[in-house]
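Here is the structure we will look at.
In full-length UniProt numbering, the protein residues as written are 1 to 485.
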């Protein structure tokens, strides 16, 4: 006789399988009702349809209408997995097809938990095809929204943000909890304005656990808006802003924000031009993030000294499994030093450094390279430090009226207590406040101290993982102008 528990598990497994219709990768050209007949019949035959996978096919308006009509009889439907569904279709067709599909789900009174329309190049006009769906009760329980590689642009980003804000507002008025946890919107050319618009939604939602927005052409103004909204989502576990142009200014702001996100597991700021100042601030911010599993900061023009500071910030992270520092400015000697110190302190977590972009001493005359390089680095770092506060002061972030009403939980600005501190004291126990207290020439002082301290490697190898003193409970002065709403 079969074990009753095993029989029950097998029964449940078959139910789960029967609740999902999978037409993925069939390369079906669905133009007419007849073309969609197989899918429509399968929908009608399925007594309890939870999930429908249609990716890898191409859907026209008439076929979409037929499928939507079939979906009207399934209020239990939850997962619309429709990525890569409109290959070869005109942009004028796609909104109509999406309108029909949206209408079918709304008429069914379905309650979606997952919507995936990634890899459909429908642009801003396509967002209008799902606008009514996102604003409707059908999306009140939505947990995962994936809109990756849709070509939304600034306009599409704004339309999407407005629709999500309306969804949140309407959901709250019904006394239902808003549920969105995963938001993916990479490769969409959102730029600053699109990012700022979406930050308004993040700020009012407060429920996000994973945010993916890589390759969107976002500069530090947009990064600043996102950083503020991230603070409003204390359960954030994954942030991916890879391949946006944060620069030192955005790096400092995002670093200040993540110091509040103690559940953060994965942080991807690769190819964001953080440079030395952004990396130094990040090093202080991550010191108290004990859940951190992965840190990606490759291709950021980070020098060896800043990489060592990042290592200090990561020291003692028991769950850490991966650190990406490839493509920075270590050169051969720096790569050897970084690898050696990681091997001593955090063995097995550092990824490859094969694409390091630093110049080796052999490429130039050694003396000339050292002298001119130091002068250039000093000048650039001093200019960077002097300009960052001015750049932050000039950032203007439009605030949605709903954000103003619900933003009371964002920490108030504060004045950093005046303190006198030596570079050695900062290196022994780095915090954001101490970093700022070093003054405008802080980066040069830090680099000089590290280069002159022959015992530095040994000291940081035994450095205890003390909690960050101020990053976790107060805003540093660069953020004051950003919290005046």
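Where is the CB? At the ideal position from N, CA and C, for every residue including glycine.
For clarity, every value in this text was computed on a predicted model and none was experimentally measured.
- Out of 95, 287, 299, the CA that lies nearest to the CA of residue 315 is found in 287.
- By the criterion of at least three beta-carbon pairs nearer than 8 Å, the segment 80-97 is not in contact with the segment 38-50.
- In the DSSP assignment, residue 240 is bridged to 212, 268.
- Under the 10 Å beta carbon count, residue 322 is surrounded by fewer than 16 other beta carbons and is classified as exposed.
- The continuous stretches of beta strand (DSSP E) do not include residue 26, and DSSP gives it neither H nor E.
- Taking the Cα positions, residue 349 is about 22 Å away from residue 275.
- In this structure the segment 145-163 lies against the segment 187-201, because at least three pairs of beta carbons, one per stretch, are closer than 8 Å.
- Cβ contact annotation for residue 215 (same chain, cutoff 6 Å, sequence separation greater than five): 186, 187, 243, in chain order.
- For residue 183, the uninterrupted beta strand (DSSP E) run begins and ends at 182-184, by DSSP.
- By the Cβ-count criterion, residue 55 is buried, with 16 or more other Cβ atoms from all chains shown falling within 10 Å of its own Cβ.
- Residue 326 and residue 180 have their C-alpha atoms spaced approximately 33 Å apart.
- Looking at 271, 79, 99, 318, the one whose alpha-carbon comes closest to that of residue 63 is 99.
- Distances from the CA of residue 151 to each of 256, 124, 335, 273 were compared; the closest alpha carbon is that of 124.
- With contacts defined by Cβ atoms closer than 9 Å, residue 183 and residue 211 form a contacting pair.
- Here the alpha carbons of residue 218 and residue 107 stand approximately 38 Å from one another.
- Around the Cβ of residue 318, a 10 Å sphere holds fewer than 16 other Cβ atoms; the residue is exposed.
- Rounded to whole angstroms, the Cβ separation of residue 110 and residue 74 is 7 Å, and the two are in contact under 8 Å.
- Going by beta carbons, residue 149 and residue 195 fall outside the 9 Å limit.
- Leaving aside the five residues that flank residue 235 on each side, the residues in its chain whose CB is nearer than 6 Å to its CB run, in chain order, 209, 263.
- The beta carbon of residue 96 lies closer than 8 Å to those of 61, 64, 129 in the same chain, with the five residues before and after it left out.
- For the alpha helix (DSSP H) assignment, the uninterrupted runs of no fewer than 4 residues enclosed by the segment 35-85 are, from N- to C-terminal side, 37-45, 61-71.
- In this structure, DSSP gives residue 311 a helical state, which the three-state scheme calls helix.
- Take residue 93, set aside five residues on each side of it, and the residues of its chain with a beta-carbon closer than 7 Å to its own are 60, 61, in chain order.
- Between the beta-carbon of residue 293 and that of residue 266 there is about 6 Å, and that keeps the pair under the 8 Å contact cut.
- Exposure of residue 357 is indicated by the presence of fewer than 16 other C-beta atoms within 10 angstroms of its C-beta.
- Between residue 324 and residue 295, the C-beta gap is smaller than 9 Å, which places the two residues in contact.
- Contact between residue 280 and residue 312 fails: their C-beta atoms lie close to 10 Å from each other, not under 8 Å.
- Under the rule that a run must span 3 or more residues, the beta strand (DSSP E) segments found entirely inside the segment 108-162 read 114-116, 144-146.
- Residue 296 sits in a strand when the DSSP states are folded into three classes.
- Nearest to residue 245 by alpha-carbon distance, out of 223, 156, 157, 237, is 223.
- Following the DSSP letters along the chain, one finds residue 323 inside the beta strand (DSSP E) bounded by residues 322-324.
- In the three-state reduction of the DSSP assignment, residue 357 falls in the coil class.
- In this structure, 43 is the residue among 66, 43, 190 with its C-alpha nearest to the C-alpha of residue 76.
- If you ignore the 5 residues before and after residue 155, its C-beta comes within less than 6 Å of the C-beta of 124, all in its own chain and listed in chain order.
- For residue 340, the enclosing alpha helix (DSSP H) stretches over residues 331-345.
- Assignment of residue 303 by DSSP, reduced to helix, strand and coil, places it in the strand class.
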